[in-house]
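Chemist: In numbering that gives the first Met the number 0, the protein residues as written are 0 to 76. For each residue, glycine too, the CB sits at the ideal point set by N, CA and C. Computed from a predicted structure; not experimentally measured. I'd like to ask you about the structure that follows.
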Amino acid sequence: MKMPKTKDVSLEFTNNQYRQIKTMADFHGVTVPTYLRTAILARTADDTDCRDAMANLKASRGETVSSNDIRQCLGLG
């Protein structure tokens, strides 16, 4: 049996919450499911970036590199 490549998820919102979501979806010219999918995936990416940054900071023992040093290494400054 072939497994579907997507998973359906059901969410519940109050009427007021849904109106706010629908208003923002309309503002962006997308459907509510598209708006929610985009918002959730953006939050997931942000959370992943934060988790990775925290792991990198921990691994570096708090040592950092200045933006000027990075620019020089890249030949940009």
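Quick one: give me the first and last residue of the alpha helix (DSSP H) that Thr37 is part of.
Modeler: It spans 31-58 - the alpha helix (DSSP H) in which Thr37 sits, taken as one unbroken run.
Chemist: Reducing DSSP to helix, strand and coil, say where Phe12 ends up.
Modeler: DSSP places Phe12 in coil when its eight states are reduced to three.
Chemist: Assign Tyr17 to one of two classes, buried (16 or more other C-beta atoms within 10 Å of its C-beta) or exposed (fewer than that).
Modeler: With fewer than 16 other Cβ atoms within 10 Å, it is exposed.
Chemist: Since Gln20 and Val31 are thought to touch, with beta carbons under 8 Å apart, how far apart are those beta carbons, to the nearest angstrom?
Modeler: For the record, residue 20 in the displayed sequence is Ile; it is not Gln. Indeed they touch by this definition, with Cβ atoms about 6 Å apart.
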